[in-house]
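Chemist:
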Amino acid sequence: MALAQQQLAALNRLIAAIAPTNRFYRPRLAAAHRLAGFSSLAEFSARMPITTKDELARDQLAHPPYGTTLTFPPKTYTRFHQTSGTSGRPIIWLDNSESWQWLLENWKTIWRSAGARAGDAVFFAFSFGPFLGFWTAFDSAQQLGLRTIPAGGMSSGERLRFLIAQRPRILCCTPTYALRLIDVARQEGIDLTHSGVERVMVAGEPGGSVPEVRARIARGWPGALVVDHYGMTEVGPVSHGSPDQPALMQVMHDRYFCEVLRPGTLQPAAAGESGELILTTLGREACPLLRYRTGDLVQPVVLPGDEPGRFALAGGILGRADDMVIVRGVNLYPAAVDAVVCALGGIREYQVEIDRRTAFPEVRIRFEPLDGTADPSSEFARRLRSAFHIRIELERVPAGTLPTHEFKARRWKILS
């Protein structure tokens with residue numbers, strides 16, 4: 218069956234399941250006159266309104282604690298998770314056992330793409346808080362026969378010593394934390410050469426698909442390949458990298474209907490143009506999302522032999538739509554700045570300040586150099602100018618001034 222036919226059939230099965238009882242989507246489907254489903258994906262995109270995170274947050278405030286997005290009675294749900302709240306109020310998301318298993322099957326695709334094998338040990342350098350990604354990765358790994366090693370509730374030094382003792386084949390963490398562990402290992406004299414780690418699986422922020430970030434992680438974890446993946450609590454695991462195509466993330470088009478729209482107009486982005494990723498979950502009946510505005514910027518690329526509607530993400534997630542800033546005509550993304558920092562080396566941590574209080578936004582980067590390294594300020598400024606063709610103000614600050622990050626790094630500070 219062609220991809221579009223497969224997606225449409227899955228979409229209409231989803232609508233048939235949720236239309237009778239889902240109080241959030243039934244009125245929307247009724248307004249579109251499509252309670253019985255859609256005749257095409259094009260019609261779905263034209264008639265079905267966008268769902269935003271703000272709408273979901275307001276819905277949960279108006280109908281506490283879970284809002285009206287649940288298709289079934291709350292007592293039938295077995296999993297509780299919530300978003301990080303980096304873009305506002307955290308959103309609670311529930312799953313029943315069927316929808317949870319749908320998510321785990323998505324994650325199994327990620328494990329297989331990374332070359333995970335039954336019997337491999339996987340080290341989860343997570344806090345194991347309420348974010349969905351921790352638990353879907355952990356549960357799906359167990360179902361595949363991987364040995365799962367939880368490492369919550371530890372300092373970075375304790376985690377490293379625990380990891381060295383266990384010698385896992387796979388390490389799971391954010392790109393920022395993979396780099397943080399390298400820094401701590403250097404400070405505490407821990408040799409990562411014989412850690413046993415052959416794969417570093419990263420997610421949670423841009424970086425894993427950026428060559429410079431990937432190279433820096435690989436240097437710090439000798440012999441390891443870096444594999445990126447992407448997902449959200451609201452939608453689940455969406456895409457994954459692979460060891461042989463590290464700069465591309467493959468989208469699970471059989472599990473999601475994906476659109477890429479221009480953030481300003483919400484019109485379809487042209488071929489090769491970056492835009493905001495809009496997702497419809499095709500199998501998560503217990504808590505569906507139709508045309509969900511993720512806020513994540515991507516650049517779709519059609520690979521040779523791809524059928525219509527299928528694309529990969531070049532460079533993974535470029536950044537958040539609300540983080541991207543235009544400075545003197547130049548689009549500035551977090552991933553692009555990360556690439557410059559990682560290629561330069563010699564910088565322990567940095568923070569980007571975007572000042573929007575004037576007619577034209579200004580950018581300043583505060584940074585801490587690594588101990589025992591030469592002052593990188595001049596070279597840093599040169600590389601930034603070469604990459605972006607604008608002058609960016611730099612401020613060197615003493616060690617310990619800037620926050621370190623063990624989960625999602627929050628390096629962009631907006632002044633408005």
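The opening position of the sequence shown corresponds to residue 218 in the working numbering, with each subsequent residue numbered one higher. All C-beta atoms, glycine included, are put in the ideal place defined by N, C-alpha and C.
Starting from V554, trace the alpha helix (DSSP H) in both directions and tell me its first and last residue.
Modeler: From DSSP, the alpha helix (DSSP H) with V554 extends over 551-561.
Chemist: Assuming contact is defined by CB atoms lying nearer than 8 Å, are P463 and L535 in contact in what I supplied?
Modeler: No, the pair does not count as a contact, with Cβ atoms beyond the cut-off.
Chemist: Distance check for V452 and V417, CA to CA, integer angstroms please.
Modeler: Distance between the alpha carbons of V417 and V452: 23 Å.
Chemist: Any beta carbon from chain B within less than 8 Å of T410's own beta carbon?
Modeler: As a matter of chain content, chain B is missing from the structure shown, which is built from one protein chain.
Chemist: When the Cβ atoms of the segment 375-382 are set against those of the segment 354-361, are three or more pairs found closer than 8 Å?
Modeler: The segment 375-382 vs the segment 354-361: no contact.
Chemist: Quick check: what's the CA-CA separation for M412 versus P385?
Modeler: For the sequence presented, residue 412 should be read as Ser rather than Met. Roughly 8 Å between the two C-alpha positions.
Chemist: Keeping to the same chain, check which residues put their C-beta closer than 7 Å to that of L507; ignore five residues upstream and five downstream.
Modeler: Contacts found: Y242, M265, T268, T497.
Chemist: For S456, which three-state DSSP category applies?
Modeler: S456 falls in the strand class under three-state DSSP.
Chemist: What do you get for H298, buried or exposed, if any count of 16 or more other CB atoms within 10 angstroms of its CB means buried?
Modeler: H298 is buried by the Cβ-count criterion.
Chemist: How about V419 and A441: are their beta carbons less than 8 Å apart?
Modeler: Result no, Cβ atoms of V419 and A441 do not sit closer than 8 Å.
Chemist: Is the beta carbon of A556 sitting closer than 8 Å to the one on V430?
Modeler: Contact: yes.
Chemist: Given a threshold of 16 other Cβ atoms within 10 Å of its Cβ, counted over all protein chains shown, does A331 qualify as buried or as exposed?
Modeler: Answer is buried; the Cβ neighbour count reaches 16.
Chemist: Could you tell me the distance, in whole angstroms, from the CA atom of G448 to the CA atom of L361?
Modeler: When rounded, the distance between both Cα atoms is 20 Å.
Chemist: Quick one: Cα of F340 to Cα of L530, how far?
Modeler: Their Cα atoms are separated by approximately 27 Å.
Chemist: Our contact map puts V544 next to V580 with C-beta atoms below 8 Å; I'd like the distance itself, whole angstroms only.
Modeler: Indeed they touch by this definition, with Cβ atoms about 5 Å apart.
Chemist: Just verifying my parser: in three-state terms, what is the DSSP assignment at Y394?
Modeler: If DSSP states are grouped into helix, strand and coil, Y394 belongs with the helices.
Chemist: Could you give the C-beta distance for R583 and E596, rounded to a whole number, given that I count them as a contact under 8 Å?
Modeler: Wrong, their Cβ atoms sit about 17 Å apart, outside the cutoff.
Chemist: Got a sec, what are the start and stop residues for the alpha helix (DSSP H) K630 sits in?
Modeler: Per DSSP, K630 belongs to no alpha helix (DSSP H); it is in the beta strand (DSSP E), 629-632.
Chemist: Considering only residues of the segment 420-466, which uninterrupted beta strand (DSSP E) runs meet the minimum length of 3 residues and lie entirely inside it, listed in chain order?
Modeler: DSSP runs (the beta strand (DSSP E)) wholly in the segment 420-466: 442-449, 453-457.
Chemist: Is L587 closer than 8 Å to R613 when the C-beta atoms are compared?
Modeler: No, the Cβ-Cβ distance between R613 and L587 is not below 8 Å.
Chemist: With DSSP run on the structure shown, which of helix, strand or coil describes D572?
Modeler: Strand at D572.
Chemist: For the segment 478-541, list the beta strand (DSSP E) runs that are entirely contained and at least 3 residues long, ordered along the chain.
Modeler: Correct list: 492-498, 509-515, 529-531.
Chemist: Can you tell which of R397, D408, P392 has its C-alpha closest to the C-alpha of G425?
Modeler: Per the Cα distances, P392.
Chemist: Would H606 be called buried (16 or more neighbouring beta carbons within 10 Å of its own) or exposed?
Modeler: Answer is exposed; the Cβ neighbour count stays below 16.
Chemist: When you compare only the Cα positions, how much space is there between R433 and R296?
Modeler: Approximately 36 Å between the Cα atoms of the pair.
Chemist: Taking Cβ to Cβ, would you say T450 is nearer than 8 Å to L601?
Modeler: No, these two residues do not count as a Cβ contact at 8 Å.
Chemist: Tell me, which residues are paired with L388 by DSSP?
Modeler: Per DSSP, F340, V417.
Chemist: State buried or exposed for L499, treating a residue as buried only when at least 16 other CB atoms are found within 10 Å of its CB.
Modeler: Buried is the call here.
Chemist: In the DSSP assignment, find the unbroken alpha helix (DSSP H) run with F261 in it and report its ends.
Modeler: F261 -> alpha helix (DSSP H) spans 258-264.
Chemist: To the nearest whole angstrom, what separates the beta carbons of R479 and L514, a pair I think is in contact under 8 Å?
Modeler: No, R479 and L514 are not in contact; Cβ-Cβ is about 11 Å, not under 8 Å.
Chemist: Considering only residues of the same chain and omitting the five flanking positions on each side of R329, which have a CB-CB separation below 7 Å?
Modeler: So the list is empty, once near-sequence residues are dropped.
Chemist: Name the one or two DSSP bridge partners that H298 has.
Modeler: According to DSSP, H298 bridges with W310.
Chemist: Between which two residues does the beta strand (DSSP E) holding R583 run?
Modeler: Here the beta strand (DSSP E) through R583 covers 579-586.
Chemist: Return the bridge partner residues of V468 from the DSSP annotation.
Modeler: In the DSSP output, where bridge partners are listed per residue, V468 has S456.
Chemist: In the segment 586-615, which residue ranges form an unbroken beta strand (DSSP E) of at least 3 residues, counting only runs that do not cross its ends?
Modeler: Segments of the beta strand (DSSP E) lying fully in the segment 586-615: 610-613.
Chemist: In three-state DSSP terms, what is T365?
Modeler: T365 falls in the strand class under three-state DSSP.
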